[in-house]
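Residue numbers (our numbering): 76 to 146. What follows is one structure encoded as structure tokens, with my remarks underneath.
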């Protein structure tokens, strides 16, 4: 049987989506409008892709190179 490379963590995706939806509906009661929530979420995604994701990719590239050199 062929093993899948990536197993999607559906439970985590559903919980994350529910968290974002809950924030979207509850934060207006505390004075935050939905536009600012959307801008903040876009800013977080942009920050993650600019600063965190390259380090993760670099880590895995270094692991692949070390594994290749070990063989």
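Ideal Cβ positions, reconstructed from N, Cα and C, are used throughout, including at glycine.
Coil, strand or helix - residue i by DSSP
i	result
residue 118	helix
residue 91	helix
residue 145	helix
residue 84	coil
Within 8 Å, strictly: CB atoms of residue i and residue j
i	j	result
residue 98	residue 112	yes
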